[in-house]
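Notes follow the structure.
In this note's numbering, the protein residues as written are 44 to 237.
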């Protein structure tokens, strides 16, 4: 019995570890909750969105999965801005592809988007951001630092709100209840063995 509890706790701990990003790991996971009140200035759009980002620092890729619904205007652009002066607030220039991510749904009020950017390619970046950083490699490093510092946000621009209808800052996903239970279980199992 004790062995199966420990095995289950270890499995839950692995699930937890797989959901968190670390600056030293090859895979970094982030998410963003998008809405109008998070815009600058805030707006009353009923639109919402959710995005996940998986960054592979070894392969230099970022996979995005974005869903959005309820926008009051039709989509005209979407990209990631940064770095803001203060985490979680403010505005900044566009870091990624301009005017919008390739293939991002446009002319719609609801949509789903999935794409992987190669962070070593100039086409993944705003040319002025690369110029300001001095190179593509420096742009990637500044981008990752902005995200890790809570100073980068995904913005969806529309015809109603050309400056951005919904946005959300990229953040590390909160630990799941299963993950916390797994870690707690590991500690309890370890304590009982002593």
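C-beta atoms are modelled at their ideal positions from N, C-alpha and C, and glycine is treated no differently.
Inset, instruction - Please name the residue, chosen from 89, 75, 148 and 87, that lies closest to residue 120 on a Cα-to-Cα basis. - result: Taking the chain shown and counting its residues from 1, one reaches residue 120 at position 77. Nearest of 89, 75, 148 and 87 to residue 120, Cα basis: 148.
Inset, instruction - Could you spell out where the alpha helix (DSSP H) holding residue 173 opens and where it closes? - result: Here residue 173 corresponds to residue number 130 of the chain shown, with the count starting at 1. Run containing residue 173: 170 to 176, per the alpha helix (DSSP H) assignment.
Legend entry - Secondary structure of residue 217, DSSP reduced to three states: As a position in the chain shown, residue 217 is number 174, starting the count at 1. Coil at residue 217, not helix or strand.
Legend entry - With 16 other Cβ atoms within 10 Å as the buried cut-off, status of residue 171: Your numbering for residue 171 matches position 128 in the chain shown. Exposed is the call here.
Inset, instruction - To the nearest angstrom, report how far apart residue 164 and residue 179 are at their CA atoms. - result: Looking up residue 164 in the chain shown gives position 121. Looking up residue 179 in the chain shown gives position 136. Going from the Cα of residue 164 to the Cα of residue 179 covers about 7 angstroms.
Legend entry - C-beta atoms of residue 208 and residue 81 nearer than 8 angstroms: Working through the chain shown from its first residue, we reach residue 208 at position 165. Working through the chain shown from its first residue, we reach residue 81 at position 38. Not a contact, by the Cβ cut-off of 8 angstroms.
Legend entry - Distance between residue 160 and residue 189 (C-alpha atoms, nearest Å): As a working note, residue 189 is residue 146 in the chain shown. As a working note, residue 160 is residue 117 in the chain shown. About 17 angstroms.
Inset, instruction - Using three-state DSSP, classify residue 117 as helix, strand or coil. - result: Walking along the chain shown from the start, residue 117 turns up at place 74. Residue state, collapsed to three classes: coil.
Legend entry - Pairwise C-alpha distance: residue 154 and residue 110: Residue numbering aside, residue 110 sits at position 67 when the chain shown is read from its first letter. Residue numbering aside, residue 154 sits at position 111 when the chain shown is read from its first letter. Roughly 6 angstroms separates the two Cα atoms.
Legend entry - Per-residue burial, residue 201 [other beta carbons within 10 Å of its own, 16 or more giving buried]: Mapped onto the chain shown, residue 201 falls at position 158. With 16 or more Cβ atoms within 10 Å of its Cβ, residue 201 is classed as buried.
Legend entry - Selected residue, minimal CA-CA separation from residue 183, among 108, 125, 92 and 83: Working through the chain shown from its first residue, we reach residue 183 at position 140. Among 108, 125, 92 and 83, the Cα nearest to that of residue 183 is on 125.
Inset, instruction - Output yes or no for whether 8 angstroms exceeds the beta carbon distance between residue 193 and residue 214. - result: Locating residue 193 in the chain shown gives position 150, where the first residue counts as 1. Locating residue 214 in the chain shown gives position 171, where the first residue counts as 1. Contact: yes.
Legend entry - Residue closest to residue 99, alpha-carbon to alpha-carbon, out of 198, 187 and 169: Position 56 of the chain shown, counted from the start, is the residue given in the question as residue 99. Checking every option, the nearest Cα to that of residue 99 belongs to 187.
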